[in-house]
Amino acid sequence: MAPSAIDQYISGLEEPLASVAVTLRDHIAAALPDASGDIWQGHPVWKINARPVVGFEAEPEYVIVTFWRGQDIPDSTGSLVPSGTGRIATYRVANPAFVHGPALRTWLQQAAQLEG
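Just so you know, we're using this note's numbering here: the sequence shown kicks off at 156 and counts up by one.
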């Protein structure tokens, strides 16, 4: 089986960002089984009903995780930061140990509900 476009994106990253991206990809795929993931505007993005829900972008020091309706997601951790226009919120991850597994799963489920 040929690697997906997202896998190809991840293969171009250096550690520890590659491990962060793999961990994020796996959490997103598990939490959003009905979402389609692909490269959109140069970065991995998962969509539901053709609308972007979540994606990530590697920067030199960390990976930025973007929720398109993140400002509508309750966040008791204070990790989601409003960003740009619309309802976007982001958080940054530099180490795979800090992906926030339980919080990320909750945010992903809430993001899916907002689109569903």
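All residues carry an ideal CB built from backbone N, CA and C; glycine is no exception.
Expressed to the nearest angstrom, what Euclidean distance is found between the alpha-carbon atoms of residue i and residue j?
| i | j | result |
| --- | --- | --- |
| H182 | T232 | 18 angstroms |
| I161 | D193 | 6 angstroms |
| S125 | I203 | As shown, the chain starts at 156 and ends at 271. That puts residue 125 outside it, with no answer to give. |
| A185 | G256 | 11 angstroms |
| F253 | Q265 | 20 angstroms |
| W262 | I165 | 22 angstroms |
| A111 | E216 | Any property of residue 111 remains undetermined from this structure, which presents the chain solely from 156 to 271. |
| W201 | S238 | 18 angstroms |
| E170 | S234 | 23 angstroms |
| I219 | W195 | 15 angstroms |
| R260 | D189 | 15 angstroms |
| Q272 | V236 | Coverage of the chain is limited to positions 156 through 271, which leaves residue 272 absent and any answer about it impossible. |
Identify which residue in the options has its Cα closest to the Cα of residue i.
| i | options | result |
| --- | --- | --- |
| L269 | A249, I165 and L187 | L187 |
| T178 | Q163, V248, W223 and T261 | V248 |
| I228 | R180, A267 and P207 | A267 |
| W295 | S234, D230 and G210 | Residue 295 cannot be examined here, being either before or after the span of the chain that is shown, 156 to 271. |
| D230 | G167, R180 and A258 | A258 |
| L168 | H198, D189 and A213 | A213 |
| G271 | S159, G197, Q196 and V208 | V208 |
Assuming residue i and residue j form a contact by the criterion Cβ under 8 angstroms, report the distance between their Cβ atoms to the nearest whole angstrom.
| i | j | result |
| --- | --- | --- |
| T221 | T245 | 5 angstroms |
| G225 | R242 | 7 angstroms |
Which residues mark the beginning and the end of the alpha helix (DSSP H) in which residue i is found?
| i | result |
| --- | --- |
| P257 | G256 to E270 |
| D272 | Residue numbering for the chain in the displayed model covers 156 to 271; residue 272 lies beyond these limits and cannot be assessed. |
What span of residues does the beta strand (DSSP E) with residue i cover, start to end?
| i | result |
| --- | --- |
| Y246 | A244 to V248 |
| A160 | Run containing A160: none in the beta strand (DSSP E); it sits in the alpha helix (DSSP H), A160 to S166. |
| W223 | Looking at the DSSP string, W223 is not in any beta strand (DSSP E), and its letter there is neither H nor E. |
| G192 | S191 to W195 |
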